[in-house]
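J.:
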Amino acid sequence: MHREEEHTSSLAELTARLRGLPPSPKPPISFQSVSHLIVTAVVLIAAVGGYVAYKRHEDTRVAQQRAARQAQFISRISELATKNDAATDWQKAISTLGNQRKIYTAELQTLLVRHDGRPVLVFASLQNVGDSHGRTVLYLDDAARLESNLKLQLDSTPDQKHLVMSSEPPHTFAVVARIRSVEYVVGSDSSLATGDCVDLMPVSASDYVEFVLGAELEKLSHHAGT
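Each residue of the sequence shown is one higher than the one before, counting from -7 in our numbering.
1. Assuming the contact rule is C-beta atoms closer than 8 Å, Lys153 and Leu184 should be a hit. Round their C-beta distance to whole Å, please.
2. Have a look at Asp134, Gln64, Thr52 and flag the residue whose alpha-carbon is nearest the alpha-carbon of Ile86.
3. Quick check: what's the CA-CA separation for Glu99 versus Val112?
4. For the pair the stretch 150 to 165 and the stretch 101 to 108, tell me if three or more CB-CB distances fall below 8 Å.
5. Could you name each continuous beta strand (DSSP E) segment of 3 residues or more that falls completely within the stretch 50 to 115, going from the start of the chain to the end?
6. Which two residues bound the contiguous alpha helix (DSSP H) that contains Pro150?
7. What's the C-alpha gap between Ala216 and Ala59?
8. When DSSP builds the beta bridges, which residues end up paired with Phe229?
9. Could you check what DSSP says for Asp181 in three-state terms: helix, strand or coil?
10. Hey, Cys189 and Asp123: beta-carbon distance below 9 Å or not?
11. Residues in its own chain within less than 6 Å of Ile171 by CB, not counting five upstream and five downstream?
12. In whole angstroms, give me the CA-to-CA distance for Ala197 and Val44.
13. What's the C-alpha gap between Val168 and Val40?
14. May I ask you to report which of helix, strand or coil DSSP gives Glu160?
15. Classify Arg170 as helix, strand or coil using the three-state DSSP reduction.
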């Protein structure tokens, strides 16, 4: 019994001493650890800076390439219009009417059948080709507006027929047409312009989407924001 009391007393004294000891000090951070952290941070900063610089350079390069292609596209269209003395301002007149309302046949008649006899330039997609009474007829839809109600029926030459039938999809063209009349097509809610195909030039899918439809989308977003 006496020994058990001494053992208990000794444990109590040991516990009391341990409780009175100060906490063990943390090991100091080594110079190598600090150097490693600094090097890692520098590498990360350099990597982020390099990516930002590359992205800025790449965006600039892409923008310059697009601007060059757009300038080339506009130059080709301008040459086609100048060569045939074609009017190109009728689309601007339609834009002033707004994209939120219907374009009436009477308005298209005024814009497309010109008193000075000049043809007009139209971006159009080929729908069909037919022969009627010794004439070759091109059936096209206006492709410059997303919600166009204008169709074209144009007499063409054998060379023009061959060109459109041998073209690559999406069969989109810059067309110079001398329009004789524009009439309302009952039941289809569309206007039909008839005339002669004076000249035409294929428009690639990328140029059509980016520079024809792209311009239309920009106009729509502008009208939506006003």
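We put the beta carbon where it would ideally sit given N, CA and C, even for glycine. These figures come from a predicted structure and were not determined experimentally.
T.: In terms of the structure at hand:
1. About 20 Å separates the two Cβ atoms, so there is no contact after all.
2. Asp134
3. Distance from the CA atom of Glu99 to the CA atom of Val112, rounded to whole angstroms, is 15 Å.
4. no
5. none
6. 150 to 157
7. A caution first: Ala216 carries a pLDDT of 39, below 50, which makes its placement in the model unreliable, though a value can still be read off. Each residue's Cα considered, the two are about 25 Å apart.
8. Past the edges of the chain, shown from -7 to 218, lies residue 229, and the structure says nothing about it.
9. coil
10. With contacts defined by Cβ atoms closer than 9 Å, Cys189 and Asp123 do not form a contacting pair.
11. Counting only Cβ-Cβ distances below 6 Å, and skipping sequence neighbours, we find Leu104, Val105, Ala185, Gly187.
12. Here the alpha carbons of Val44 and Ala197 stand approximately 32 Å from one another.
13. 52 Å
14. DSSP places Glu160 in coil when its eight states are reduced to three.
15. strand
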